[in-house]
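Following my numbering, the residues of the sequence shown are numbered contiguously, the last one being 256.
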Amino acid sequence: MIEVAEEITRRGFLAAGAVGAALVGVGGFGAVTGQADQAFVRPPGTTSNVKLVAACNRCDRCLQACPYGIITPAPLSESIVAYGTPTLAFANGFCDFCMKCVDACPTGALSYGGEAERDLGVAVVVKDACVAWDWAGCTVCKDECPVEGAITLDDHDRPVVHPDFCDGCGKCEQVCPSASLRAYDASVAEKGIVVVSRASEAAQLLGAVMSAELEAGRTAPAAQPVAPHSKGIHPDGPDNTRSAEGKGALHENA
Ligand code: SF4
Ligand code: SF4
Ligand code: SF4
3 MIEVAEEITR RGFLAAGAVG AALVGVGGFG AVTGQADQAF VRPPGTTSNV KLVAACNRCD
63 RCLQACPYGI ITPAPLSESI VAYGTPTLAF ANGFCDFCMK CVDACPTGAL SYGGEAERDL
123 GVAVVVKDAC VAWDWAGCTV CKDECPVEGA ITLDDHDRPV VHPDFCDGCG KCEQVCPSAS
183 LRAYDASVAE KGIVVVSRAS EAAQLLGAVM SAELEAGRTA PAAQPVAPHS KGIHPDGPDN
243 TRSAEGKGAL HENA
């Protein structure tokens, strides 16, 4: 807590304080940050979502620094406490761990170090949206995944995600063509594979969910998070010797 407090800027402190005060009437800080902790896929350098929410001053510098435009502020409709803090959306791009968002962060809300420095979440296959689960022929996510071993094919040539390798970069979600290959069905997810928080219930289903399960589980807290990847090696991004002055050491498994 001391470390967090040291990182909070005056602006961030005031923002957090105002939010905290507002929460007195809606169940308390811990309860709502706990919900936010499970709900969002965060940029690299997020030590914990609770810490991020406390230290982020909502300056949007990470959003502006990301060359692919995949960082988006958490909407008020999804969380009072996390409102305005950075989340990731992979519809139009994926993360190559360039770490420009971490370099741009002035408060240490995004910082180097920690076991999840380059672990954004984990991809899950959406069974009723993935074309390969209905008929054979699509292996786009496996073919495009930059991390060797993160996606393999089962005996029916359907994608299987391996959480120990997947770093949640989102490339599979970006390139998945299921929406354009399917007739419109509002009850089915737009993508056949989606990155979720490792602390969500959807991640507990170990790689294959239905659209309804995805919808319910991606924002629901799990009793025990899925552990960060420990074997995956992302070919892009900075090497292990790179660091930012004053922002700590890089994680060995990055
Ligand atoms: S590491 Fe680079 S690509 Fe990934 S979210 Fe940060 S700025 Fe964007
Ligand atoms: S790219 Fe999408 S539709 Fe194709 S196999 Fe992967 S998840 Fe299924
Ligand atoms: S999120 Fe990235 S590492 Fe994980 S399966 Fe998808 S493309 Fe591969």
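We treat Cβ as the ideally placed atom computed from N, Cα and C, and that holds for glycine.
All values reported here derive from a predicted model rather than from experimental measurement.
Asked                                                                                                               : Found
Element boundaries [alpha helix (DSSP H), containing residue 181]                                                   : 180-183
Residue 98: CB within 6 Å of a non-hydrogen atom of ligand 1                                                        : yes
Other residues of its chain near residue 86: CB distance less than 7 Å, five sequence neighbours each side excluded : 60, 75, 76
Buried versus exposed, by CB contacts within 10 Å (16 or more), residue 176                                         : buried
Contact under 7 Å by Cβ, residue 213 with residue 188                                                               : no
Alpha carbon of residue 65 to alpha carbon of residue 88, nearest angstrom                                          : 7 Å
Status (buried if at least 16 other CB within 10 Å, exposed otherwise) for residue 94                               : exposed
Test item: CB-CB of residue 181 and residue 124 under 7 Å                                                           : no
With 16 other Cβ atoms within 10 Å as the buried cut-off, status of residue 232                                     : exposed
Beta carbon nearer than 5 Å to a non-hydrogen atom of ligand 2                                                      : 132, 133, 134, 140, 142, 143, 161, 178, 180, 194, 195
Residue closest to residue 165, alpha-carbon to alpha-carbon, out of 234, 54, 84, 55                                : 234
Residue range of the unbroken alpha helix (DSSP H) whose run includes residue 65                                    : 63-67
Residue range of the alpha helix (DSSP H) that includes residue 177                                                 : 173-177
Own chain, CB closer than 8 Å to residue 156, minus 5 neighbours either side, in chain order                        : 162
Exposure label - residue 78; buried when at least 16 CB within 10 Å                                                 : exposed
Euclidean distance between Cα positions of residue 104 and residue 48                                               : 9 Å
Counted within 10 angstroms of its Cβ, other Cβ atoms place residue 23 as buried (16 or more) or exposed            : Residue placement at residue 23 cannot be trusted, given a pLDDT of 41 that sits under 50; what the coordinates show is reported in the next sentence. It is exposed - the Cβ of residue 23 has fewer than 16 other Cβ atoms within 10 Å.
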